[in-house]
Amino acid sequence: MASVSISGSTVAVAALATGSATITVSASDPAGLTATQTFETIVPNRAPEPLGSIPDLTVHVGDTATLDGAPRFTDPDGDALSYGASSSNPSVAAVSVSGSTVAVAALATGSTTITVSASDPAGLTATHVFEVAVLVPGPDLTFTGVSPVSAKLAPGRSATFTFGIRNQGTAPSAATTIRAMRSPNPIISGRDTEIGAYALAPLGANEQRAFPLTITVDAGSAAGTIYIGMCVDAVQGESNTRNNCSDGARLTIAVPSAGRGLVARDRPAIRIWAHSPPAGDR
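When we follow my numbering, the leftmost residue of the sequence shown carries the number 1, and every step to the right adds one.
Written as structure tokens, this is what we have:
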């Protein structure tokens with residue numbers, strides 16, 4: 001744990017390793033008579049220390065970035081270090097460690113904070129923190145939401161649903177077609193019934209646009225509930241075509257059971273029309 005040396009009356013204690021040692025110091029006269037004093041020396045364990053910093057990373061979805069943690073930490077006692085890492089948002093980027101190698105796997109667009117740690121055998125730890133931004137290569141059209149998420153209409157009435165569409169990719173998207181869909185359930189897909197098709201102008205990288213869609217219930221419509229959504233046609237070079245349809249907004253048609261005109265039992269089907277303003281008015 002410690003070595004000791006004497007030069008004249010000076011006693012030098014050199015710490016060699018963490019732990020404790022008992023030091024005995026003696027003084028002798030010419031006749032050989034001796035006196036001693038004893039004291040304890042404790043060599044404390046010192047924590048690892050970070051070296052420099054880890055720069056923030058940008059990674060594309062589906063790619064994995066790696067870095068070596070070993071040169072980014074030091075231990076003043078020379079202890080062997082073990083390494084760990086965590087992600088604040090593992091749904092965006094997952095992190096794993098093998099030896100001193102840290103791997104960051106990009107899973108979805110967004111950002112996350114990565115913490116890399118180095119620990120000595122006694123459990124003392126040092127950390128580095130850096131940010132990871134996950135992007136999609138090329139254009140990627142997706143829907144960000146719809147407002148309102150539900151509406152209740154009588155026959156002859158209208159409601160406007162506004163859909164948010166975004167290019168979450170890293171490159172502009174070409175002009176394409178956006179399609180209004182009618183579905184019996186809230187999961188909208190290209191297999192649902194199309195009720196309108198409209199031009200969608202190009203979107204820049206990370207650009208978002210609001211798309212209003214007005215639904216009118218036919219005066220002779222039956223009562224019931226359907227869902228209104230939108231799908232956008234894939235553009236050239238699109239990195240992900242599995243997210244091109246929105247969630248469905250619930251539309252409930254309430255028909256009086258009696259009164260003028262057709263009563264509910266005489267109305268054979270739900271009938272609606274879709275309309276969107278011209279591109280210059282959106």
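Yeah, the Cβ is synthetic: ideal placement off N, Cα and C, and Gly gets one too.
Since the structure is predicted, the reported quantities are computational estimates derived from the model, not experimental observations.
> For the beta strand (DSSP E) that contains E238, what are its first and last residues?
Replying inline: It is not in any beta strand (DSSP E) - E238 carries neither H nor E in the DSSP assignment.
> P37 bridges to which residues according to DSSP?
Replying inline: Before going further, note that residue 37 is Gln rather than Pro in the sequence given. Its beta-bridge partners are V25.
> Using CA coordinates, which residue listed in A171, R191 and P90 is at the minimum distance from R179?
Replying inline: R191
>> Going by beta-carbon coordinates alone, are I272 and I187 separated by less than 8 Å?
In response: no
> What residue does the beta strand (DSSP E) around G224 start on, and which one ends it?
Replying inline: G224 to V232
>> I'd like the span of the beta strand (DSSP E) that includes G110, first residue to last.
In response: G110 to S119
>> Given this structure, state the Cα-to-Cα distance separating N206 from N167, to the nearest angstrom.
In response: 5 Å
> Helix, strand or coil: how does DSSP classify R209 here?
Replying inline: strand
>> Quick check on DSSP: helix, strand or coil for P50?
In response: strand
> What residues in its chain sit with their C-beta under 8 Å from that of T177, if we drop five residues either side in the sequence?
Replying inline: A197, Y198, A199, L200, V232 and D233
>> Starting from T252, trace the beta strand (DSSP E) in both directions and tell me its first and last residue.
In response: A249 to I253
> Does DSSP put R291 in a helix, a strand or coil?
Replying inline: Outside the modelled stretch of the chain, which goes from 1 to 282, sits residue 291, for which no answer is possible.
> Of the residues L67, T252, S173 and A126, which one's Cα is nearest the Cα of G224?
Replying inline: T252
> Since L153 sits in a beta bridge, which residues does DSSP pair it with?
Replying inline: I253
>> For chain C, check one thing: does any of its Cβ atoms lie closer than 8 Å to the Cβ of A17?
In response: Included in the structure is just one protein chain, with no chain C present.
> Are there 16 or more other CB atoms within 10 angstroms of the CB of N240, so buried, or fewer, so exposed?
Replying inline: buried
> Closest by CA to T58, which one among S150, I6, S111 and V235?
Replying inline: S111
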